[in-house]
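Q: Numbering (the numbering used here), first residue to last: 395 to 754.
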Amino acid sequence: MLLSMTTAMAAHGSVTKAAFGKTPNGTEVDIYTLKSDTVEARIMTYGARIVSIKTADKNGKIADVVLGYDSLDGYLADKKTYFGAVVGRYGNRIAHGEFKLDGKTYHLPKNNGENSLHGGTVGFDQLVWKAREVPEGIELTLVSKDGDQGYPGTVTAHVRYTLHHNALRIDYNVTTDKDTVVNLTNHSYFNLGGIGSGTILDEEMMIAADKYTPTDSGLIPTGELAAVDGTPMDFRKPTVIGKHIHDDFQALKLAGGYDHNWVLRGSTGEVKTAAHVHDLATGRTLTVTTTEPGVQFYAGVSLDGTFKSPGGWPYAKNTALCLETQHFPDSPNHPSFPTTELKPGEARHSMTTFTFSVQK
């Protein structure tokens with residue numbers, strides 16, 4: 395149970411720390427509760443994960459809108475979903491578990507068929523980060539040694555969560571001591587109706603992108619930037635998610651639904667809207683802004699009911715969606731994509747904000 399309670403008041407809200415259990419090797423895991431006047435977000439040090447986000451609907455009813463568990467044991471037992479985690483060192487897929495950098499080929503664990511996914515078999519999602527409180531939030535730090543999961547360079551990652559009013563902001567700052575590749579993102583699953591309310595297929599979504607990256611059967615990009623116009627991938631105007639998810643369209647058939655990267659308008663490093671989601675039943679909305687060049691929209695197509703919510707509700711297919719702001723999948727093997735290379739002396743910074751509101 396939650397122990398060792400300490401509270402630090404921050405402007406417009408509070409940050410509360412408590413113990414959340416221990417990993418099998420005895421490492422202590424803490425959970426931090428960030429509260430503003432409208433939103434409560436809980437973040438834990440195991441995987442730098444968002445554990446819950448609670449916010450009101452149009453009638454003032456509070457509900458948790460992200461999938462997760464009420465104990466550390468749930469996360470330790472679940473090696474498939476990446477609920478709420480910061481994934482890395484490379485979020486998304488790298489083809490055949492290898493890439494070339496500075497003329498050398500690096501080999502990574504193949505944990506997704508023939509490909510490497512979300513950093514490998516022991517990615518950042520399975521490690522305990524060090525945390526410190528900052529104004530309106532916390533900063534988590536992880537050092538990934540040279541050779542970790544096959545990646546070159548010792549990488550130091552700082553991920554800062556801050557909550558101000560109705561906006562949860564994530565700032566990523568990464569440095570390295572050797573040339574490497576990095577692509578961090580957050581893997582939260584959202585259901586704006588609240589956990590246990592059903593699927594997300596009736597939610598309306600807009601993605602601010604004119605193109606997406608088609609993939610092969612292993613969900614590796616072909617290298618093409620294809621226009622969304624006239625396809626089920628067109629979310630330029632608010633569209634009900636389930637409207638075209640079962641269309642006879644090659645990209646959807648290969649992925650079993652939506653699990654693709656959209657090419658956002660605007661340049662890398664520029665703050666821009668990535669997506670907007672609206673749950674018509676509750677009125678809750680989510681707006682995602684980012685400095686990243688892409689967003690992976692994943693409609694929970696691989697959720698199969700194996701794992702359950704604290705209330706016993708099965709996490710089944712399409713019961714949540716992810717909007718993973720990112721560089722494109724397999725970028726190290728596609729020179730035409732925005733680069734994910736990071737060199738010593740450089741500092742990679744990116745930002746993503748999840749803003750919650752109500753539309754009546």
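For every residue, glycine included, the Cβ atom is placed at its ideal position computed from N, Cα and C.
Hey, out of F643, P726 and Y426, whose CA is closest to G531's CA?
A: Among F643, P726 and Y426, the Cα nearest to that of G531 belongs to Y426.
Q: Going straight from the alpha carbon of D698 to that of G739, what length do you get?
A: C-alpha separation (whole angstroms): 44 Å.
Q: How many angstroms separate the CA atom of T684 from the CA atom of A413?
A: The alpha-carbon atoms of T684 and A413 are separated by roughly 31 Å.
Q: CA-CA distance, E533 and K631?
A: If you take the alpha carbons of E533 and K631, they lie about 35 Å apart.
Q: Hey, how far is the Cα of Y476 from the Cα of Y652?
A: Looking at the two C-alpha atoms, the distance is approximately 17 Å.
Q: Mind checking which residues open and close the beta strand (DSSP E) that includes D653?
A: That run of the beta strand (DSSP E) goes D653 to L658.
Q: Any idea what DSSP makes of A668, helix, strand or coil?
A: Residue state, collapsed to three classes: strand.
Q: Which residues in the same chain as H501 place their Cβ atom closer than 7 Å to its Cβ, once the five residues preceding and following it in sequence are excluded?
A: The residues are G491, E492 and G544.
Q: Reducing DSSP to helix, strand and coil, say where G544 ends up.
A: Three-state result, G544: helix.
Q: List the DSSP bridge partners of L550.
A: A small correction: the amino acid at residue 550 is Thr; Leu does not occupy that position in the sequence shown. T550 pairs with V537 and T569.
Q: Tell me which residues share the same chain as A649 and place their Cβ nearer than 8 Å to its Cβ, disregarding the 5 neighbours each side in the sequence.
A: Hits under 8 Å: T609, L613 and V695.
Q: Alpha carbon to alpha carbon, how far is P546 from V575? Give it in angstroms, no decimals.
A: Cα to Cα, V575 sits roughly 8 Å from P546.
Q: What does the alpha-carbon distance come out to for the pair T746 and A442?
A: Approximately 15 Å between the Cα atoms of the pair.
Q: Run through DSSP, which three-state label would N381 get?
A: For the chain, the structure presents residues 395 to 754; residue 381 sits outside this window and is missing.
Q: My output table needs one value for G482: the three-state DSSP class, helix, strand or coil.
A: G482 falls in the coil class under three-state DSSP.
Q: If you follow the beta strand (DSSP E) that G688 is in, where does it begin and where does it stop?
A: Where G688 is concerned, the enclosing beta strand (DSSP E) stretches over G688 to Y692.
Q: To the nearest angstrom, how far is the alpha carbon of L646 from that of A710?
A: Cα-Cα distance, rounded: 18 Å.
Q: Alpha carbon to alpha carbon, what distance is there between S465 and T667?
A: Their backbone Cα atoms lie some 33 Å apart in a straight line.
Q: According to DSSP, simplified to helix, strand and coil, what is Q753?
A: Three-state DSSP puts Q753 in coil, outside helix and strand.
Q: For W656, tell me which candidate among L674, E686 and A675 has the shortest Cα-Cα distance.
A: It is E686 whose Cα lies nearest to the Cα of W656.
Q: DSSP has Q720 in a bridge; who is on the other side?
A: According to DSSP, which records beta bridges pairwise, Q720 is partnered with G688.
Q: Taking only the alpha-carbon atoms, compute the straight-line gap between F518 and D431 and give it to the nearest angstrom.
A: Approximately 31 Å, taken between the alpha carbons.
Q: Could you give the residue range of the alpha helix (DSSP H) that holds L697?
A: Careful: L697 lies outside any alpha helix (DSSP H) and carries neither H nor E.
Q: Measuring only the C-alpha atoms, how far is V622 from D424?
A: When rounded, the distance between both Cα atoms is 43 Å.
Q: Have a look at the DSSP bridge pairing and note the partners of T683.
A: Answer is T667 and T747, bridged to T683.
Q: Going straight from the alpha carbon of T449 to that of T550, what length do you get?
A: Roughly 33 Å between the two C-alpha positions.
Q: Kindly list the residues whose CB is nearer than 7 Å to the CB of D724, restricted to its own chain and excluding five residues on each side of it in sequence; keep chain order.
A: Excluding positions up to five away in sequence, the list reads R487, I488, A489, I614 and P615.
Q: In angstroms, rounded to a whole number, what distance separates the CA positions of Q644 and K637?
A: Their Cα atoms are separated by approximately 16 Å.
Q: Let's test the definition: count the other Cβ atoms within 10 Å of the Cβ of D451 and tell me whether it reaches 16, buried, or not, exposed.
A: That one is buried.
Q: On the DSSP bridge assignment, give the partners of E434 in chain order.
A: For E434, which the question treats as bridged, DSSP gives the partners K429 and K448.
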